[in-house]
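Residue numbers (the numbering used here), protein chains in the order written: chain V, 2 to 384; chain L, 2 to 384. Positions of the beta carbon are idealized from the N, C-alpha and C atoms, including for glycine. This structure is a prediction, so every number in the text was calculated from the model and none was measured. Notes follow once the structure below has been shown.
Number of protein chains: 2
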Amino acid sequence: MSIDTARPALSPACLKPEVRDFSPYVAGMSIDEIRERYGLAQVVKMASNENPLGTSPLVQRAICEHAGLAFRYAQSGNPRLVRAIAEHLGVESARVVVGNGSDEIIDLLIRVLARPGVDNVIAFKPSFSMYGLQSRLCGVEFRATPLNADFTFPWDAFVAQADAHTALAFVTTPDNPSGFTPPAAELEALAARLPQGCLLVVDEAYMDFVADQAAHSLLGRLASFPNVAVLRTFSKLYGLAGLRLGYGVLPEWLADYMWRTRPPFSVNVLAEAAGLAALEDQVFRDETVRAVAEGRQYLAHALRNLGCEVLPSQSNFLMFRPVAALDGGVPVSARVLFERLLERGVIIRPLKSYGLEEWVRVSVGNERENALFIELTREILHG
Amino acid sequence: MSIDTARPALSPACLKPEVRDFSPYVAGMSIDEIRERYGLAQVVKMASNENPLGTSPLVQRAICEHAGLAFRYAQSGNPRLVRAIAEHLGVESARVVVGNGSDEIIDLLIRVLARPGVDNVIAFKPSFSMYGLQSRLCGVEFRATPLNADFTFPWDAFVAQADAHTALAFVTTPDNPSGFTPPAAELEALAARLPQGCLLVVDEAYMDFVADQAAHSLLGRLASFPNVAVLRTFSKLYGLAGLRLGYGVLPEWLADYMWRTRPPFSVNVLAEAAGLAALEDQVFRDETVRAVAEGRQYLAHALRNLGCEVLPSQSNFLMFRPVAALDGGVPVSARVLFERLLERGVIIRPLKSYGLEEWVRVSVGNERENALFIELTREILHG
């Protein structure tokens, strides 16, 4: 080892080079802090694509019933949960790997497959920040090709950025924040065009909200696509965002090595109990799907009536921008709309961090929340 | 990039080289499976150093009260929990980083500080498997120097394996599985002898059980040791093993970068609520410390009376081996003792995976569990 690689005295100079340019952490305000700052009686959060109906009553009961087991380590490998997920999806158990949120699965895929300084990971720009952040943390090059102007996927450009060192290609469908959902045939075509050593990872965090899933997901036919993996999560439809439970359906050989390298207890015991209960609660899921479909339609219609441009969405959120101020309304930027809603107790998501400064994203809430959001947006845009 | 680094067709040949020799995952039997296999009415687990009193009643109440919030993402950065931990310990908040168990903190320390293929990580052999496993997963060399024959720490040999590329030195105290706990003065001396670029990470997962902590921990004096970090956990004394909550008290600049790189939601909302409640429950902790001290003394005394060699321990477990068969008893190996106890419904920990085939480890249980374990061990060793 040559002398110039010797470690300097302990200081930020000791950090791995790729770590040094990670942005400082900025904590968002909590609901309580917003309530206090603006003197509000209540605050409505429509910013994180959480379940509009909250936590399923069956799940809450399961959590309480298992609270006394918090002192026990989980059974490593989470065999009961894996079997239940596999049965629910109709896939082989040996394909399923659960993680502390999909975040852990994304990270582990990169760590297991991509060689630092040699391989690369590709995605669209913008896309879920974890793909790029975890690649950088791994010392793996991250390449992102811009979406089309209408937020559809430019497949040719996507494939063009891949090469013999592309380990992973991440595609999110329905896409976040746009809501765009390509037909499954396009994903099939993509899988056929990627280099031989590249795994196509289709992140279907929001697929549960799509009406015709067979037309948009490859999950039911993975046996025919040996280079495709699908990610899903309990955070949205299943209402378990805070408990952290995501999973991948992977080629068997890869699932095997993911289990070999995943820390044995990363999925907590209450996430496991809650996940099992959530799989049983078909009523809650049906109610959620119905509430999201109705709420989405209501919000899209009302926002368009207020002169906003709203992207089509099959998910539990809408991306929109205030374009024209109708009926004598004043022009309002996305940033101002976000801030004025915040002052009035409704949190939506500004998209500056996605490079989309003109746009905002609103999660579908419950009926009361949706109505309040529209009423306040009308006030702000039309005085 | 030369042609021979091109990725092969998707197959196990695509795995990073350091991943390929990870052992296949073998799920341990659950308590239910053991009960069924041996036709037992009850099974007692004294294998994982869990809290002998279970989960605190205050914690259980907090979990139930927060069950309805499972659908919400945690506030990223866990600011309330970090403040509460810092206050409890009397350290600056800016030094505290919480993780999905200490496992996540260990992993992140390696990822942030150690350059793959350049730096190394040092520890003792045997030591907590995560130090070595996560180093390997990161492509970082792991060096482990054997403990002394009496399981004390050979400091000279430990320091001798460090060099200008040593990024991290892990020391566990009280040590697991031996229970050995060096005086704080020895850790001070170690900190002064390590190379300038090396962080000494003192893993104090079991320090809460030590009677005179000031004499064994540097936690209260970290300001004087800029190259020392301390890890602690809610898994043992606080009874939250299954919820996953550990933390590091680190140099501030390092804590800052750990937060920059830690996924924002890795600590789940119920772990946060439970951790806050556990910090409040001094009564439960006092009871646990008392139960562990009394149980440890009882077990050590009884095992010695049965002709076992028992290592001194300040922790919530004991390492021992059946040496002489007294009073006409038959010689029994550690393996046989483990298996016969299992058949009778008591799970202890064989130490073959630590390279200590003659030894076993028993966690201190509650009074009933301790008595049952001793009664069965007497039967097995003395017919």
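Is it true that the CB of residue j sits closer than 7 Å to the CB of residue i?
i, j, result
"V229(V)", "L201(V)", "yes"
"Q135(V)", "D176(V)", "no"
"T6(L)", "F72(V)", "no"
"S316(L)", "G180(L)", "yes"
"A272(V)", "A63(V)", "no"
"H217(L)", "T173(L)", "no"
"V119(V)", "V97(V)", "no"
"F266(V)", "A75(V)", "yes"
"P53(L)", "G366(L)", "yes"
"P178(V)", "M320(V)", "yes"
"G247(L)", "T234(L)", "yes"
"F23(V)", "R21(L)", "no"
"L241(V)", "A206(V)", "no"
"R286(L)", "L238(L)", "yes"
"A163(L)", "I123(L)", "yes"
"I349(L)", "V337(L)", "no"
Going by Cα to Cα distance, which pick from the options is closest to residue i?
i, options, result
"L114(L)", "K17(V), V311(V), A215(V), I381(V)", "K17(V)"
"L373(V)", "G29(V), E37(V), M47(V), D22(V)", "M47(V)"
"R245(V)", "N269(V), Y299(V), M320(V), V44(V)", "N269(V)"
"G249(V)", "V231(V), L238(V), P265(V)", "V231(V)"
"A212(V)", "C139(V), R297(V), H166(V)", "R297(V)"
"G221(L)", "H89(L), V324(L), A158(L), S314(L)", "H89(L)"
"Q214(V)", "V99(V), L138(V), T146(V), A186(V)", "A186(V)"
"L191(V)", "Y207(V), F154(V), E205(V)", "F154(V)"
"A145(V)", "E66(V), I86(V), A158(V), L41(V)", "A158(V)"
"I381(L)", "V333(L), A301(L), R116(L), A42(L)", "V333(L)"
"D151(L)", "A87(L), P127(L), G29(L), L238(L)", "P127(L)"
"A168(L)", "A193(L), R341(L), Q197(L), C65(L)", "Q197(L)"
"G346(L)", "R8(L), P9(L), E34(L)", "E34(L)"
"A170(L)", "W156(L), C199(L), E189(L), N149(L)", "C199(L)"
"G140(L)", "W156(L), A124(L), N149(L), P117(L)", "P117(L)"
"G308(L)", "H383(L), G69(L), I32(L), V27(L)", "H383(L)"
Note down the Cα distance separating residue i from residue j, rounded to an integer number of angstroms.
i, j, result
"L11(V)", "F226(L)", "11 Å"
"L223(V)", "R112(V)", "23 Å"
"F339(L)", "R263(V)", "27 Å"
"D363(V)", "L195(L)", "Just to set this straight, residue 363(V) is Val in the shown sequence, not Asp. Whole-angstrom Cα-Cα distance: 53 Å."
"L304(L)", "E310(L)", "8 Å"
"F143(V)", "I375(L)", "58 Å"
"L312(V)", "F210(V)", "16 Å"
"M2(V)", "H166(L)", "Note on M2(V): pLDDT 46, under 50, position unreliable in the model; the coordinate value appears next. C-alpha separation (whole angstroms): 9 Å."
"L414(V)", "P351(V)", "Since the first residue shown for chain V is 2 and the last is 384, residue 414(V) is missing from the structure and cannot be characterised."
"P25(V)", "A335(L)", "51 Å"
"S77(V)", "V99(V)", "11 Å"
"Y132(V)", "N121(V)", "11 Å"
"E370(L)", "S354(L)", "25 Å"
"V392(L)", "E51(L)", "The structure shown does not extend to residue 392(L), since chain L is modelled only from 2 through 384, so no value can be given for it."
"A42(V)", "R36(V)", "7 Å"
"L413(L)", "R322(L)", "The requested residue 413(L) does not occur in the structure, where chain L is confined to residues 2 to 384."
"V203(L)", "L219(L)", "9 Å"
"H67(V)", "P80(V)", "17 Å"
"Y39(V)", "E344(V)", "6 Å"
"S293(L)", "F129(V)", "The identity of residue 293(L) in the sequence shown is Val, whereas the question assumes Ser. Going from the Cα of V293(L) to the Cα of F129(V) covers about 47 Å."
"F125(V)", "W156(V)", "10 Å"
"L86(L)", "L280(L)", "Here residue 86(L) is Ile; the residue named in the question, Leu, does not match the sequence. Cα to Cα, the separation comes out at about 8 Å."
"H302(L)", "E368(L)", "14 Å"
"Q283(V)", "I106(V)", "25 Å"
"R341(L)", "M30(L)", "16 Å"
"T289(V)", "V290(L)", "46 Å"
"Y299(L)", "S49(L)", "19 Å"
Tell me whether residue i, by its Cβ, gets closer than 6 Å to a heavy atom of the ligand PLP.
i, result
"S316(L)", "Although the ligand PLP was asked about, the structure shown includes no ligands whatsoever."
- Runs of alpha helix (DSSP H) wholly within the stretch 222 to 261 of chain L (minimum 4 residues, chain order): The qualifying runs do not exist here; there are none.
- Runs of beta strand (DSSP E) wholly within the stretch 304 to 358 of chain V (minimum 3 residues, chain order): As summarised for the stretch 304 to 358 of chain V, the continuous beta strand (DSSP E) elements at least 3 residues long and confined to that stretch are 309 to 311, 318 to 323, given in chain order.
- Check each residue of the stretch 55 to 70 of chain V: if its Cβ is closer than 7 Å to any Cβ of chain L, include it; give the result in chain order. Under the 7 Å Cβ criterion, the stretch 55 to 70 of chain V contributes G55, T56, V60, Q61, I64, C65, A68, G69, L70.
- Query: Hey, which unbroken runs of the alpha helix (DSSP H) at 4 residues or more fall wholly within the stretch 104 to 142 of chain L?
  - Reply: List check, alpha helix (DSSP H) in window: 130 to 138.
- Using Cβ-Cβ distances below 8 Å, what residues of the stretch 268 to 280 of chain V are close to chain L? Taking 8 Å as the Cβ-Cβ cut-off, the stretch 268 to 280 of chain V approaches chain L at N269, V270, L271, A272, A275, given in chain order.
- In chain order, what residues of the stretch 96 to 116 of chain L put their CB closer than 7 Å to some CB of chain V? Here the close residues are N101, G102, D104, R112, V113, L114, R116.
- Contact set between the stretch 192 to 205 of chain V and chain L, restricted to residues whose Cβ is under 8 Å from the partner: Flagged, chain order: P196, Q197, G198, C199, L200.
- Item | Residue ranges of each alpha helix (DSSP H) within the stretch 22 to 63 of chain L, 4 or longer | Those alpha helix (DSSP H) runs which fall completely within the stretch 22 to 63 of chain L and span 4+ residues are 32 to 39.
- Item | Residues from the stretch 204 to 228 of chain L in contact with chain V, defined by Cβ distance under 8 Å | Of all residues in the stretch 204 to 228 of chain L, the ones placed with a Cβ closer than 8 Å to any Cβ belonging to chain V are P227, N228, in chain order.
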